[in-house]
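The structure appears below as structure tokens.
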Amino acid sequence: MNNQPTFARITLFAVLVGSYALSGCGGDGDHGAGASGNTPQGGSGGAAVSGSGGGAATGASAGGASASAGGEGGAATGGGAPSGGTTSAGGEAGAGGATGAGGQDEFEPVTISFGTKLDPRAVVLEARALATSVADPSSPQWRAKGDQRRTYRFPAAGADVPYRVCVPNRWDGASELPLVMFLHGAGNDESSYLDQNAKQMVTLADQHGVVLVSPLGYNGAYGNFLRLPAVFGQPEEAEKLLAMVTPERVRDQELSEKDVINVLELVLNEYPIDRSAMFLTGHSMGSGGTWYIGAKYADYWTALAPMSGPFVQESGYPWDRLRDMPIFVTEGTRGTPSLTGSRELRDWMTAGGYAITYKEVDADHAGMVPLVLPDVFDFFDRP
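Positions -23 to -1, 1 to 360 (mature numbering (1 follows the signal peptide of the UniProt record, and there is no 0)) are the ones given, in order, by the sequence shown.
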């Protein structure tokens, strides 16, 4: 990712690893300290790595993301660390319009049967307005480099919400940067995975020259109502979960979805991000978030990499929006409750003509994360 990717436009499907707790594998609204079996350090990682390929795709495509050019954006307040600012070239957007390159509208209305009813375009416009309103280019932390713990005021939630952003230490302060957003699993927060294994993810991001962004997701699962046992291929289980959705859960999921987009727009407004190199990944519940946010807000993303969390269904999902998007799906084989769903998803997508890259490692649900992270960053980096 040190050079701008020039990926071939291919139909590669990658499972965004949504992090779910082993004891509930992605319960809604669980965040904070350590759900059992879900934290990265809690797994028994196996050394042997065995790859199994599904389709023929071999990398990430630069043609997947058609993001708008922003103007001056917002800085996060709280903790003394702003987040917002000047975006990459292409005109001023800020709070106005959601229009991509060439004047085409972005973020068309899309319905996902197992998610919120929020209009993606309205969510993006609201997030851009927020970023503009809190921008502070005079702050000494504006466009800072390194590993940063930040906070912003989330009006809809009436709370100060944390997020994490890591900017390559060798960045020259002007060049456009690729971006990787990571969505954590249930029972964790915006820092849990980034701090594990001697900050492996932070180190990988710095080595690959990408901005790493990790939102909290407020009190929900990024807008996706699915969790275990409602993995791919289990529509009856999905229906049972959806029948139990309460108004309180709906609100939490809406705020969770908005938090992700707020944080993304704060960073896009502050740093010059290469809009053709924006990637989304996550583990367990975060994998479900990757599937959900990846399709609903597909205009942002170049490629997806869901890990051990096939929280998506064949029906009620806009698969056409991912037809040309590279997707890298990874899974652990040691008693991982989502393994069957991941394999069914791989087979279904391969049969349907999606070029899916799929890999399994000899580890449990949590232990697979450190084994596949290097592959995820390499996948995003492929020319």
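Where a beta carbon is used, it is the ideal one built from N, C-alpha and C, also for glycine.
Values in this document were obtained by computation on a predicted structure and should not be read as measured data.
- The three-state secondary structure of M255, taken from DSSP, is strand.
- In this structure, T334 sits away from F357, with a CB-CB distance that is not shorter than 7 Å.
- Assignment of beta-bridge partners to V349 by DSSP yields no partner.
- Under the DSSP assignment, I270 falls in the alpha helix (DSSP H) whose first and last residues are M262 to K273.
- Separation of V157 and S90 (C-alpha to C-alpha, rounded to the nearest whole angstrom) is 27 Å.
- Contact between E167 and P192 is confirmed by a C-beta separation of about 6 Å, below the 8 Å threshold.
- In this chain, the beta strand (DSSP E) harbouring G309 covers F305 to G309.
- Nearest to D276 by alpha-carbon distance, out of T128, D297, L322 and E216, is D297.
- Looking at the DSSP output, P283 sits in a beta bridge with G259.
- One alpha carbon belongs to N246, the other to D352, and they sit about 29 Å apart.
- Relative to F202, the option among Q177, L218 and R147 whose CA is nearest is L218.
- Non-local C-beta neighbours of C143 in its own chain, meaning closer than 6 Å and more than five positions away in sequence, comprise D124, V179, A182 and L189, ordered along the chain.
- Pairing V100 with I270 gives a Cβ-Cβ distance that is not under 7 Å.
- The shortest CA-to-CA distance from R228 to any of P249, M221, N196 and G164 is the one to N196.
- Taking C-beta atoms under 8 Å as the contact rule, V349 and T307 qualify, at a distance of about 4 Å.
- Per DSSP, the unbroken beta strand (DSSP E) holding E337 starts and ends at A332 to A340.
- Per DSSP, the beta bridge partners of D124 are C143.
- The alpha-carbon separation between A136 and R130 amounts to approximately 6 Å.
- Each residue's CA atom was taken as its position, placing Q290 and G259 some 18 Å apart.
- By the C-beta density criterion, T93 is buried, having at least 16 other C-beta atoms within 10 angstroms.
- Y170 carries a helical assignment under DSSP once its states are collapsed to helix, strand and coil.
- Counting along the chain, P212 sits inside no beta strand (DSSP E); it lies in the alpha helix (DSSP H) bounded by residues P212 to A220.
- Annotation: Y140 to W268 spans about 21 Å, alpha carbon to alpha carbon.
- Closest by C-alpha distance to H185, out of W148, N174 and M221, is W148.
- Annotation: the region 169 to 198 contains the following complete segments of the beta strand (DSSP E) (minimum length 3 residues), in chain order: 188 to 192.
- Three or more beta-carbon pairs drawn from the region 281 to 288 and the region 198 to 213 are found closer than 8 Å, and the two stretches are therefore classed as touching.
- The DSSP-derived three-state label of L205 is coil.
- Nearest neighbour of Y294 by Cα position, chosen from A272, S315, Y199 and P303, turns out to be A272.
- Taking C-alpha positions only, M302 is separated from D236 by approximately 24 Å.
- The Cβ neighbour count for E242, taken over all protein chains shown within 10 Å, is at least 16; the residue is labelled buried.
- Counting every other CB atom within 10 Å of its CB across the protein chains shown gives T109 a total of 16 or more, marking it as buried.
- Beta-bridge annotation (DSSP): G92 is paired with N201.
- Within its own chain, the residues whose Cβ lies closer than 8 Å to the Cβ of P212, once the five positions on either side in sequence are excluded, are Q290, E291 and S292, listed in chain order.
- Counting along the chain, V157 sits inside the beta strand (DSSP E) bounded by residues L154 to L160.
- Relative to the Cα of A340, the nearest Cα in the group A328, E321, R323 and L316 belongs to L316.
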